[in-house]
Amino acid sequence: MDYKKIKADQVANTRNIDRLVAPTGNIYETVTILSKRANQIGLDLKKELDDKIEEFATPNDNLQEVFENREQIEIARFYERLPKPTLISLSEFLNGKVYYRKPSPEEEQK
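Below you can see the structure in the form of structure tokens.
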């Protein structure tokens with residue numbers, strides 16, 4: 000998924016708890032779903048950023064080269080400006096874009 004095109008809030012806002020509880024019926028399940036999705040998004044973004052930064056890595060950097068690499072700095076700034084993974088997961092959840100399921104009692108016992 001392209002997280003750069005998601006229209007999520009940049010800052011945390013107060014939310015209506017009833018709207019968050021409605022899909023699951025339990026606030027704790029909602030928080031668990033949101034946290035797991037935010038973790039997935041965070042790992043994806045970190046891997047993507049690491050891959051882009053790795054392109055600039057040379058085996059023996061000296062201190063002067065590290066400070067002068069403007070492209071690398073711009074890439075890092077771009078990722079810093081993206082919405083945080085928790086806000087992206089919240090936006091996806093509220094828009095019905097997160098798939099989740101509750102295991103049956105038989106599946107939980109296995």
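In numbering that gives the first Met the number 0, the protein residues as written are 0 to 109.
Note that CB positions come from ideal geometry on N, CA and C, so glycine has one too.
Inset, instruction - Using 10 angstroms around the beta-carbon of residue 37, count the other beta-carbons present and answer buried if the total reaches 16, otherwise exposed. - result: buried
Inset, instruction - Could you say if the stretch 86-96 and the stretch 30-45 meet the contact criterion of at least three C-beta pairs nearer than 8 Å? - result: yes
Inset, instruction - Enumerate in chain order the residues of its own chain whose CB-to-CB distance from residue 6 is below 8 Å, with the five nearest sequence positions on each side excluded. - result: 90
Legend entry - Residue of 17, 48 and 93 minimising C-alpha distance to residue 75: 48
Inset, instruction - Taking only the alpha-carbon atoms, compute the straight-line gap between residue 55 and residue 9 and give it to the nearest angstrom. - result: 28 Å
Inset, instruction - Look up residue 40 in the DSSP assignment and say whether it is helix, strand or coil. - result: helix
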